[in-house]
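Notes for the one structure printed next.
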Amino acid sequence: MTDAPNPFAAMMKMGQDLARAFNPALEHFTPKGFETLWPTMPREMMEALWGRTMNPGGLDARTRLLLTLTGLTILGAQAEAQIRLTVRHAREAGATKQEIAETIAQAGLFGGVPAMTRAMELATAVLDEDAKP
2 MTDAPNPFAA MMKMGQDLAR AFNPALEHFT PKGFETLWPT MPREMMEALW GRTMNPGGLD
62 ARTRLLLTLT GLTILGAQAE AQIRLTVRHA REAGATKQEI AETIAQAGLF GGVPAMTRAM
122 ELATAVLDED AKP
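Everything in the sequence shown is counted per our numbering, starting at 2 for the first residue and increasing by one.
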């Protein structure tokens, strides 16, 4: 009896081989910090796209971003780039550091302490960057 290869591992190997064929430097590519290429949207634009401009009486952009941060935390805080981007956009939309911390802490009740801790570390790194002159 032979062990069948793990289909996920086979798929990952195929992707790595393809990337290596296109560009050998892609073999060692990491997306860490990739979100810095995505600019922070202006508050007015976020409000127009996600807020009350198109949906009078609905949630504002700040609240929607805090809800997004809640979901990302509950899912285990695995989407690091998305958490950093969401915190950055939430700050621009008017969320305070206290509101961001409370949002993550509340999500920790549902996602667990490890997820809360990781999300708080990621958020703190973004908030510390905000504090730099």
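Glycine is no exception: its CB is placed at the ideal position from the N, C-alpha and C atoms.
Bear in mind the structure is a predicted one, so any value in this text is a computation, not a measurement.
Which of helix, strand or coil DSSP assigns to residue i
i	result
methionine 13	helix
methionine 2	Because the pLDDT at methionine 2 is just 49, under 50, the model does not fix this residue reliably, and the value given afterwards should be weighed accordingly. The answer is coil: DSSP assigns methionine 2 none of H, G, I, E or B.
methionine 42	coil
arginine 89	helix
Closest by C-alpha distance to residue i, when choosing among the options
i	options	result
arginine 119	Ala106, Asp129 and Glu130	Ala106
glutamate 100	Thr64, Ala11 and Pro6	Thr64
Proximal residues to residue i (C-beta, below 8 Å), its chain only, five neighbours per side dropped
i	result
isoleucine 75	Ala108, Phe111, Gly112 and Ala116
tryptophan 39	Leu86
Close beta carbons around residue i, own chain, < 7 Å, minus the five adjacent residues each side
i	result
alanine 62	Met47, Glu48, Trp51, Gly52 and Ala94
threonine 54	Glu48
Where residue i falls, given that 16 or more other Cβ within 10 Å makes a residue buried
i	result
arginine 21	exposed
threonine 41	exposed
valine 88	buried
methionine 121	buried
CB contact below 9 Å: residue i versus chain D
i	result
alanine 126	Absent from the structure: chain D. Only one protein chain is present.
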